[in-house]
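One structure is given here, and the rest of the page talks about it.
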Amino acid sequence: MSEQVNNNPNPAKVDTRKTEINKGIILFNKLGIWVIVVALVVMGMIIAMVNGGSFFGASNVQSILEAVALQGMVCSGLIYVVYAGNMNDMSIPLTMAMAGMMTVQSINLGFPIALAIGLLSGVCIGLINGFMIGKLKANPIIWTWGFNLLLSGIIRVVWGGKQLYADSVAADTEYAQNAANTFYSISRTYIGGVISLMAIVMLVLFAISWFIHSKTSFGQKLKLVGTSYEAARFSGINCTKVVTMSYVLCSTAAAVGGIFYAALRKTASYENGTGYDFSCLTCVLLGGTLLGGGQGSVVGTLGGVLAYGILNNILSWIGLGTYTKYAVQGVVFLAIVWINTYSERKLGKG
Amino acid sequence: MERKKIKINGSFLNNNRAYLFLLIVLFAGIFRNNFFTAFNINSVTGNGSLVMWLGLGFTICLIAGHMDLTVQYVSTLAALLCLGLHSRQGLPWLVCILIATCMGVLVGLINGFLVTKLKIHSFIATLGMQFVLRGVMYMYSPEEQSIGRDYTANEALNGALIPGVPFSLYFLITTLVIVIVMIFMRNTRTGRNIYMVGGNLETAWLAGVKSNQVTTVAFVLSSSCCALGGALNGIYSGAANISMGEKGIAPLMIALTATIIGGTDIAGGHGSVLNTYISLVAVAFLRALFKKTEMQVLVIAIILIACICYETIAQYRKSKVLGTRPNLHQEYLKEIGKG
Amino acid sequence: MSQEPKGTGEVLALEMRGVSKRFPGTLAVDRVDFRVKKGEVHALMGENGAGKSTLMKVLAGLFNDYTGEIFIEGEKKKLHTPIMAKEAGIGMVYQELSLARRISIYENLLVGRLPKKNALFIDKKAAIARARECLERVGLGNLDPTINIADISQCDAQLVEIAKVLDAQPRILVMDEPTSSLSREEVQRMFDIIRKLKEEGLAIIYISHHMSEIFEIADRVTVMRDGRKVGECDVSEINTEQLVEQMVGEPVKSFYAESGSKISDEVVLKVEDFTRWGFFHHVDFELHKGEILAISGLAGAGRTEIARALIGVDAYDKGRVYLHGKEVKFKNFGEAIKAGVGYLTEDRKVVGLALTQSVADNVMSCVIDKYSKGILYSNGWNNDLVDEKINEMSVYPADRNRRVNSFSGGNQQKVLMAKWLAADVDVLILDEPTRGVDVNAKQIIHNVVKKYVEQGNAVILISSDLPEVVGLCDRAVILREGHIIGEIPKEGITENSLLIAANGKGEYVTCQNK
């Protein structure tokens, strides 16, 4: 009876196998999304062909890029928050709305200044979030969610729940009207007639984001903070500063998105940006960033954004309505998150 | 044993802040004309009942240490289903309500499965379910996005059950169910286990509590309550549409706010269904107090932020002195006394 | 239902015969025989890593792959899961409280088995009555069982924990350092309860580092060393010195080469009246160039807290710190590193290393600012430095891109050490630098530490591994309950003197605090 069952016959062997699994998962996290993107493109081509259209037609490419551009802008910042291990920034929708409102409201000062004010409002929101979460260690989800509601309340009370139109806010001077027109045009400019300025801005933001992420000391610190907050603290890294910075970057990117959103819709209101908190998180997770933080890449996030856009495009080709798509998106989201969580467990976190 | 004395101090006020909130709102109501009329009270409590169901579900899950973001969509889907079955298939109301509630149970089971078996963080898992439910909703009623205009049973739910008491039947049912759930949470083993799993998962596990099962029960309870509430709300208002209850503020947001104001611990293991209910009644009256949605949103948001800040700062302060040694602490007090 | 205390001692409450437990690489418990009589308090002594907690974990049913036989009251039992251990009559009181803080006492006591009134409802009155009974047993009869754990004192919570374990009617009670967070008066209360339980016929296994406690409460003592049992006797037959000798064994000499470091008179670090209320009070010491200074004391004496305050992670309330003669006050750890003070943390898994990142990321983690150009930074620039450091530490495999969690424990610790070598600080605080690593890695780390001080740096060593302190240190200050109570010069450092001084006794204790 005393013969014991030995569960660990050969520890060394178990160890090597574990690293093999790790390698596979790392590879998936690095490249997986681009495989999915290519697969989706092929799928899209076939489906488009069956439907008698062209997947690579100028109009289709344009619509895909436009659809994902706003999301992409926000994602290029959101990745920092997720990467730092804080799950999601729930105040994204109202950050977008706030940036739009501020820009439109100050359009009389001229377009560049209005733009700067819009961005500044994003920075401020990021600083407040960063202070509460980085310094006082508030629960990141609950705080940003509550703050989102507060911003919503402020916007609604200050502007009386109305929508703002740049051309009516602008004074009756040529300068102000020009500014309003410039504002409207930023979302409607096409370079070479095909690629919209929004897509370019998205790519530029991703380039900046990639640079910050992989070429600066902040990016390196963020990596350590995301992997293990305590280990980073005991390596002399100022974690409060890093977390605050991640929220500032996120809110600024959201502000850029919000400004373009307001320009695209020609109105600024508290409803701008509704749903962006969740859909952007989908893209980031799709791109292989782990929810627990410390794993993921900006390039992967771009892949995630594209995959999301292409998936939506394909669903339209199939003929699903905007709303029916939700169900498919939800299932895809859950599947991705499951893989994500699973690989996280295998990597020894969570 | 000496009887516990009630001391009115900061912590007492904080623990009962839901009641305080309600009192303040009701007090403010005195200064408004036509506030305490039977009609007003009836309609305020009736219209505020939907979020009470959502708050109930959200609180149960938060006590178990999880977030359930599906509450709002479960209730909306249930309302669509209930009215749809009645108007399209012609089923009797009770059967419709039953089927809608069963749908809630199913959603709860799926949520529980995602969280306990696939080990997805509840916030993310229920977020995904939100998308799925929204999709299903649009599939069920694609064109009109609303079903109903059926006021056959509406009268019954709207009318006051007891003459002279200005509460609609719908509100009374809501209250009754919340009291039942409260008794369940307080006085049954499963209920207490929900608290235990949220409070300290390890303790619960070591004591042989089946934590996965308990968590799933919490999700099922939450979803089925929300489904029942949603179905009743559909009948109460006579119509159901996809943006049900979304007048001004997302109901989910109100549910969260009320749960936090009610004092439920974000980390789980502490809280009361009743406190959430009280703060939701307060929110309902508050919304009647301010006619403008904007002000409602702002006031609710300020209260929520104040509560979060209060708790965060308390936590922050506590973490500063964590782990002091009692001997040395006594010595410190002595030295300070000297100096 | 209560067990009749036989008192004759013919049937042993617990008998372990030839119990072994192997971890990958080490034999943590090596054929240990362990016997506990009914109605006795049996102390289990040994240094850190002697295998006593592993042995107790076997008893608690946390391993299913131990070998050997365990008899409980003469009956042979298998203890493969915590439930099996519980059913066999073993109750463990863990060091860490496993109570839910915002839930009432009675529910914490009766979790999972609240009495029922009928099929549906629990019987709250019966539960409270039962809880009161349980509390009475541990002398908390006048505590209201309906208040929350968060609202009672640490001592009461500890007693509630014991009451909870007792409610399962165990025959053997294991207490692992139950007094570590209690004040002196509270310890006395705890002892009264233990005596009472003893009279009820319970067998109690008591683990503590505080020798005075052992002599006060225990009847018999078993000493373990390096996974083996080395002695067993009645407490009345032994004194502190003999007990220490058994725990320490033959002095290990050969392992530590004579250190050739020259200690200069130059004071690198000076600490005066250093105080963080409630953690450590009025601490003074000096650290010289080329010196390895041990801050010695029992676990929980405040050693780690001093280190954390010194490097600016925690704020301190009073006192001055001089680095190279200049007064400094670090606002955060980053400033300390810049000024040249490093701290190797005691728990490499949680606070030491970012386990899922590569070796290079970890080694460079505390010098990111130093090697960045403006805001730019890339690990690739410093590959030479990383390679140099991991070769110096002989990390195997020497692959800077490998993820840290795929290394063995010893190599992880070497990576952690390499990180601090790369930081190029001149005062390094080492907190348990060799805990849980194999002998080989230990030796490498020791050699590196020696070489490091020979280069004119200084080291503060905090270690529960006494041979390590004896072999490495040039001087030791003794910390007891947050106060420095004495100092041992190089010649006087032996395992015996360290242990005795840590317990507040012996020739080196100069200022006994009240």
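Residue numbers (our numbering), protein chains in the order written: chain E, 1205 to 1554; chain H, 42 to 380; chain V, 607 to 1120. Beta carbons are placed, not taken as given, at the ideal position from N, Cα and C, and that holds for glycine.
Buried/exposed call for residue i, threshold 16 Cβ in 10 Å
i: Cys1117(V); result: exposed
i: Pro1095(V); result: exposed
i: Leu378(H); result: The residue you asked about is not Leu; residue 378(H) is Gly in the sequence shown. With fewer than 16 other Cβ atoms within 10 Å, it is exposed.
i: Ile689(V); result: exposed
i: Lys682(V); result: exposed
i: Gln794(V); result: exposed
i: Ala1539(E); result: exposed
i: Tyr1379(E); result: exposed
i: Ala296(H); result: buried
i: Glu847(V); result: exposed
i: Arg1081(V); result: buried
i: Pro1297(E); result: buried
i: Ala905(V); result: exposed
i: Trp1521(E); result: buried
Length of the line joining the Cα atoms of residue i and residue j
i: Glu548(V); j: Ile1035(V); result: Nothing can be reported for residue 548(V), as the shown portion of chain V is limited to 607 through 1120.
i: Asp1005(V); j: Gln963(V); result: 13 angstroms
i: Leu150(H); j: Ser284(H); result: 25 angstroms
i: Gly1330(E); j: Leu1453(E); result: 7 angstroms
i: Pro751(V); j: Ala691(V); result: 28 angstroms
i: Arg1437(E); j: Ala1029(V); result: 15 angstroms
i: Thr1456(E); j: Leu103(H); result: 32 angstroms
i: Lys612(V); j: Lys644(V); result: Residue placement at Lys612(V) cannot be trusted, given a pLDDT of 42 that sits under 50; what the coordinates show is reported in the next sentence. Straight-line Cα distance between these residues: approximately 8 angstroms.
i: Ala280(H); j: Thr300(H); result: 27 angstroms
i: Val148(H); j: Thr167(H); result: 10 angstroms
i: Gln764(V); j: Tyr1512(E); result: 53 angstroms
i: Ala268(H); j: Ser1413(E); result: 43 angstroms
i: Met622(V); j: Asn1102(V); result: 29 angstroms
i: Val255(H); j: Trp1542(E); result: 22 angstroms
i: Tyr1003(V); j: Phe885(V); result: The residue asked about is misnamed: residue 1003(V) is Pro in this sequence, not Tyr. Between Pro1003(V) and Phe885(V), the C-alpha separation is close to 41 angstroms.
i: Gly239(H); j: Asn1385(E); result: 55 angstroms
Member of the options whose CA lies at the smallest distance from the CA of residue i
i: Arg129(H); options: Tyr181(H), Ile82(H), Tyr114(H) and Gly98(H); result: Tyr181(H)
i: Asp993(V); options: Gly695(V), Ser1014(V), Glu767(V) and Asn968(V); result: Asn968(V)
i: Gln1499(E); options: Tyr1388(E), Asn1290(E) and Met1406(E); result: Asn1290(E)
i: Ser1450(E); options: Ser1310(E), Thr1528(E) and Gly1281(E); result: Gly1281(E)
i: Ala1411(E); options: Pro1297(E), Leu1269(E), Gly1276(E) and Gly1236(E); result: Gly1276(E)
i: Leu893(V); options: Val1059(V), Gly667(V) and Asn1102(V); result: Val1059(V)
i: Glu646(V); options: Phe669(V), Lys663(V) and Leu618(V); result: Leu618(V)
i: Thr305(H); options: Leu97(H), Gly70(H) and Val66(H); result: Leu97(H)
i: Ala1466(E); options: Thr1444(E), Leu1319(E), Lys1419(E) and Cys1484(E); result: Leu1319(E)
Residue interval of the beta strand (DSSP E) (run including residue i)
i: Thr1307(E); result: Segment Ile1296 to Gln1309 is the alpha helix (DSSP H) holding Thr1307(E); no beta strand (DSSP E) there.
i: Gly837(V); result: Arg834 to Asp840
i: His888(V); result: Phe886 to His894
i: Lys876(V); result: Val873 to Arg882
i: Arg1081(V); result: Arg1081 to Arg1086
i: Ile165(H); result: Careful: Ile165(H) lies outside any beta strand (DSSP E), inside the alpha helix (DSSP H) at Ser163 to Tyr181.
i: Phe1122(V); result: An answer regarding residue 1122(V) cannot be provided, because it is not within the stretch 607 to 1120 covered by chain V.
i: Arg641(V); result: Thr632 to Val642
i: Asp617(V); result: Before going on, a small fix: residue 617(V) reads as Val here, not Asp. Here Val617(V) belongs to no beta strand (DSSP E), and DSSP marks it neither H nor E.
i: Arg1122(V); result: Residue 1122(V) cannot be examined here, being either before or after the span of chain V that is shown, 607 to 1120.
i: Asp782(V); result: Ile778 to Asp782
The alpha helix (DSSP H) enclosing residue i, as first and last residue numbers
i: Phe260(H); result: Ser252 to Ser278
i: Gly925(V); result: Looking at the DSSP string, Gly925(V) is not in any alpha helix (DSSP H); the run it does join, the beta strand (DSSP E), is Lys924 to Leu929.
Item to complete: Would you check if there are 3 or more beta carbon pairs closer than 8 angstroms linking the region 633-642 of chain V to the region 654-662 of chain V?
Response: Yes: the two stretches touch, three or more of their Cβ pairs being nearer than 8 angstroms.
Discussion item. Any contact between the region 1454-1474 of chain E and the region 1355-1371 of chain E? By contact I mean 3 or more CB pairs, one from each, below 8 angstroms.
Written reply: yes
Practice prompt. Indicate whether the contact test is met: 3 or more Cβ pairs, each with one atom in the region 1379-1392 of chain E and one in the region 943-950 of chain V, closer than 8 angstroms.
Written response: no
Discussion item. Check whether the region 267-275 of chain H and the region 87-103 of chain H are in contact - that is, three or more C-beta pairs closer than 8 angstroms.
Written reply: yes
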